[in-house]
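Visitor: Numbering (this note's numbering), first residue to last: 466 to 868.
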């Protein structure tokens, strides 16, 4: 039996572009990732990027020249006042993102935010509240959901070929010098916040909402960064399903021994594959995937061919999902509201590391409400600024009921 012997192997994993590709997109931030992934992906999809702004104008001018962007904005206000801008792609560090997102929402602009949403859960929740109050669509660039291997896994799971889901495992052992990014050197929350957040979101995308996370993080002797670069994350879902992320960025061997793998097990089948982008980052290679399902064949492994890579192809998926949600007037699959559960996992992981105990997602969600109700400095300074982004216990209860 060949790997294309079932018509059902035409897996649905490629990004879907909107009917209207003319919606004006303006990019806020001109960092390395914008030039390497955001703009190339949007060009591949034929999207309409109308301009860019960065506090360092020279960086914005350089990317505009390289990618044929028609306008470099002098300031954020000019960008948000441009009637040709319908969507903003906010590509800045987490510390700066909440204020920009709130300003964009007040200007009536739909937005694609970066991960992590913010450096505190209360600030992340304030972005969701600001979007909701302004009636704009907010999405998050958790683009691993559109990496070929993860998206194909979603389709396989959706067809019921794995049966009841039991175990999600993502294992990464590579060498990545986080000190290469100056702004990450002094970041106390590093690996989970800026890397394994992808794996937590991908597992939640496939398996649903966990009940709690139990986490451990460590450093490598002599590393320049102060945050964790080795992590083990355990997720417990309702029933018998479990998840595990094992991530180490300090591999001392050659690239031939690097690995970045995923495996998803169910009562009726197994998916296993590789995240090709990490094998020789930043060049990368295509993902691989194979799967077995007793519902299709008792002892055969199917190996469909996947085309495309996490970087930059998946970046098209996140923006296109936002554009399609605007077009269809619905909540994006990668909405800010949905992403709050990923942020609950992230901040739950750090609390778990600090206190050596499992931490529920609900504990983190309710803490943001408590900060507002108790008028803590965090709530006054970070949430209630400009009366934008009201977090209420009613909203937390609403989200709990919808889950």
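No residue lacks a Cβ here, since even glycine has one placed at the ideal position from N, Cα and C.
Note the first and the last residue of the continuous alpha helix (DSSP H) segment covering residue 871.
Guide: Coverage of the chain is limited to positions 466 through 868, which leaves residue 871 absent and any answer about it impossible.
Visitor: Could you give the DSSP three-state label for residue 578: helix, strand or coil?
Guide: Along the chain shown, read from residue 1 onward, the residue named residue 578 stands at position 113. Correct three-state label for residue 578: strand.
Visitor: In its own chain, which residues sit with a C-beta less than 8 angstroms from the C-beta of residue 812, not counting the 5 before and 5 after it?
Guide: In the chain shown, counting from the first residue as 1, residue 812 sits at position 347. Closer than 8 angstroms at Cβ, skipping near neighbours: 585, 586, 829.
Visitor: With a Cβ-Cβ cutoff of 7 angstroms, do residue 550 and residue 595 count as a contact?
Guide: Residue mapping note: residue 550 aligns to position 85 of the chain shown, counting from 1. Residue mapping note: residue 595 aligns to position 130 of the chain shown, counting from 1. Their beta carbons are not under 7 angstroms apart, which means residue 550 does not touch residue 595 by this criterion.
Visitor: Output the boundary residues of the alpha helix (DSSP H) element that contains residue 572.
Guide: As a working mapping, residue 572 is identified with position 107 in the chain shown. Note, residue 572: premise wrong, no alpha helix (DSSP H); not H, not E.
Visitor: Quick one: Cα of residue 717 to Cα of residue 686, how far?
Guide: On the chain shown, position 252 is the one that residue 717 refers to. On the chain shown, position 221 is the one that residue 686 refers to. In a straight line, the C-alpha of residue 717 is about 12 angstroms away from that of residue 686.
Visitor: Alpha carbon to alpha carbon, how far is residue 497 from residue 636? Give it in angstroms, no decimals.
Guide: Translated into positions along the chain shown, residue 636 becomes position 171. Translated into positions along the chain shown, residue 497 becomes position 32. Going from the Cα of residue 636 to the Cα of residue 497 covers about 26 angstroms.
Visitor: Buried or exposed for residue 760, please, with buried defined as at least 16 other CB atoms from any protein chain shown within 10 angstroms of its CB.
Guide: On the chain shown, residue 760 is found 295 positions in, with the first residue counted as 1. So residue 760 ends up on the exposed side.
Visitor: Starting from residue 633 and walking both ways along the beta strand (DSSP E), at which residues does that stretch end?
Guide: Within the chain shown, the letter at position 168 stands for residue 633. 630-638 is the span of the beta strand (DSSP E), which, as asked, contains residue 633.
Visitor: Quick one: measure Cβ to Cβ for residue 552 and residue 522, integer angstroms, because I've assumed they're closer than 8 angstroms.
Guide: Here residue 552 is taken as the residue at index 87 of the chain shown, counted from 1. Here residue 522 is taken as the residue at index 57 of the chain shown, counted from 1. Incorrect: roughly 22 angstroms between the Cβ atoms, too far for contact.
Visitor: I want to know whether the stretch 649-658 touches the stretch 671-679 - three or more CB-CB distances under 8 angstroms.
Guide: Touching, no, given that fewer than three Cβ pairs across the two stretches are closer than 8 angstroms.
Visitor: Taking only the alpha-carbon atoms, compute the straight-line gap between residue 568 and residue 625 and give it to the nearest angstrom.
Guide: Translated into the one-based positions of the chain shown, residue 568 becomes position 103. Translated into the one-based positions of the chain shown, residue 625 becomes position 160. Rounded to whole angstroms, residue 568 to residue 625 spans 43 angstroms at the Cα level.
Visitor: Alpha helix (DSSP H) containing residue 507: first to last residue?
Guide: If you number the chain shown from 1, residue 507 lands on position 42. Unbroken alpha helix (DSSP H) run through residue 507: 504-509.
Visitor: With DSSP as the reference, label residue 748 as helix, strand or coil.
Guide: Counting from one through the chain shown, the residue named residue 748 turns up at place 283. Three-state result, residue 748: coil.
Visitor: Alpha carbon to alpha carbon, what distance is there between residue 608 and residue 737?
Guide: The residue you call residue 737 lines up with position 272 of the chain shown. The residue you call residue 608 lines up with position 143 of the chain shown. Cα to Cα, the separation comes out at about 20 angstroms.
Visitor: Here's a check: name, in chain order, each residue in its chain whose Cβ is nearer than 6 angstroms to the Cβ of residue 726, leaving out the five neighbours to either side.
Guide: Taking the first residue of the chain shown as position 1, residue 726 is located at position 261. So the list reads 636, 739, once near-sequence residues are dropped.
Visitor: Please confirm if the stretch 504-515 is in contact with the stretch 629-645, defined as three or more CB-CB distances below 8 angstroms between the two stretches.
Guide: As far as the Cβ criterion goes, the stretch 504-515 does not touch the stretch 629-645, which means the pair count is below three.
Visitor: When the distance is taken between beta carbons, is residue 781 closer than 7 angstroms to residue 797?
Guide: Counting from one through the chain shown, the residue named residue 797 turns up at place 332. Counting from one through the chain shown, the residue named residue 781 turns up at place 316. Not closer than 7 angstroms, so no.
Visitor: For the stretch 610-618 against the stretch 678-695, do three or more pairs of beta-carbon atoms, one drawn from each stretch, fall closer than 8 angstroms, so that the two count as touching?
Guide: Touching, no.
Visitor: Tell me which residues share the same chain as residue 664 and place their Cβ nearer than 6 angstroms to its Cβ, disregarding the 5 neighbours each side in the sequence.
Guide: Counted from its first residue, the chain shown places residue 664 at position 199. Result list for residue 664: 635, 710, in chain order.
Visitor: Give the single residue among 540, 783, 814 whose Cα lies nearest to the Cα of residue 580.
Guide: For the purposes of this step, residue 580 is taken as residue 115 along the chain shown, with counting starting at 1. When only C-alpha atoms are compared, the closest one is 783.
Visitor: DSSP on residue 680, reduced to helix/strand/coil?
Guide: Against the chain shown, residue 680 aligns to sequence position 215. DSSP places residue 680 in strand when its eight states are reduced to three.
Visitor: Return yes when the Cβ of residue 814 is within less than 7 angstroms of the Cβ of residue 680, no when it is not.
Guide: Stepping through the chain shown from its first residue, residue 680 is reached at position 215. Stepping through the chain shown from its first residue, residue 814 is reached at position 349. Contact flag set, yes.
Visitor: DSSP three-state label for residue 618, please.
Guide: Numbered from its first residue, the chain shown carries residue 618 at position 153. Of the three classes helix, strand and coil, the one that applies to residue 618 here is helix, per DSSP.
Visitor: Would residue 563 pass as a contact of residue 598 if the rule is Cβ separation under 7 angstroms?
Guide: Here residue 563 refers to the residue found at position 98 when the chain shown is read from its first residue. Here residue 598 refers to the residue found at position 133 when the chain shown is read from its first residue. No, these two residues do not count as a Cβ contact at 7 angstroms.
Visitor: What are the complete alpha helix (DSSP H) segments, minimum 4 residues, inside the stretch 765-824?
Guide: 778-793, 801-820, all fully within the stretch 765-824.
Visitor: Does the Cβ-Cβ distance between residue 757 and residue 734 come in under 7 angstroms?
Guide: If you number the chain shown from 1, residue 757 lands on position 292. If you number the chain shown from 1, residue 734 lands on position 269. Yes.
Visitor: Quick one: Cα of residue 827 to Cα of residue 511, how far?
Guide: By one-based count along the chain shown, residue 827 stands at place 362. By one-based count along the chain shown, residue 511 stands at place 46. Approximately 41 angstroms, taken between the alpha carbons.
Visitor: Round the Cβ separation of residue 801 and residue 603 to the nearest angstrom and send it over; I've been treating them as touching at under 8 angstroms.
Guide: For the purposes of this step, residue 801 is taken as residue 336 along the chain shown, with counting starting at 1. For the purposes of this step, residue 603 is taken as residue 138 along the chain shown, with counting starting at 1. Between residue 603 and residue 801 the Cβ distance is about 4 angstroms, and since that is below 8 angstroms, they are a contact.
Visitor: Within 10 angstroms of the Cβ of residue 724, are there 16 or more other Cβ atoms? Answer buried if so, exposed if not.
Guide: Along the chain shown, one-based indexing puts residue 724 at 259. Exposed, since its Cβ has fewer than 16 Cβ neighbours within 10 Å.
Visitor: Rounded to a whole number of angstroms, what is the C-alpha to C-alpha distance between residue 763 and residue 754?
Guide: Against the chain shown, residue 763 aligns to sequence position 298. Against the chain shown, residue 754 aligns to sequence position 289. The straight-line gap from Cα to Cα measures roughly 18 angstroms.
Visitor: Just verifying my parser: in three-state terms, what is the DSSP assignment at residue 697?
Guide: As a first step, residue 697 is located in the chain shown; it is residue number 232 there, counting from the start. Correct three-state label for residue 697: strand.
Visitor: Residue 612 and residue 775 - do their beta-carbons sit closer together than 7 angstroms?
Guide: Numbered from 1 along the chain shown, position 310 holds the residue referred to as residue 775. Numbered from 1 along the chain shown, position 147 holds the residue referred to as residue 612. Closer than 7 angstroms, so yes.
Visitor: In its own chain, which residues sit with a C-beta less than 7 angstroms from the C-beta of residue 789, not counting the 5 before and 5 after it?
Guide: Translated into positions along the chain shown, residue 789 becomes position 324. Closer than 7 angstroms at Cβ, skipping near neighbours: 481, 483.
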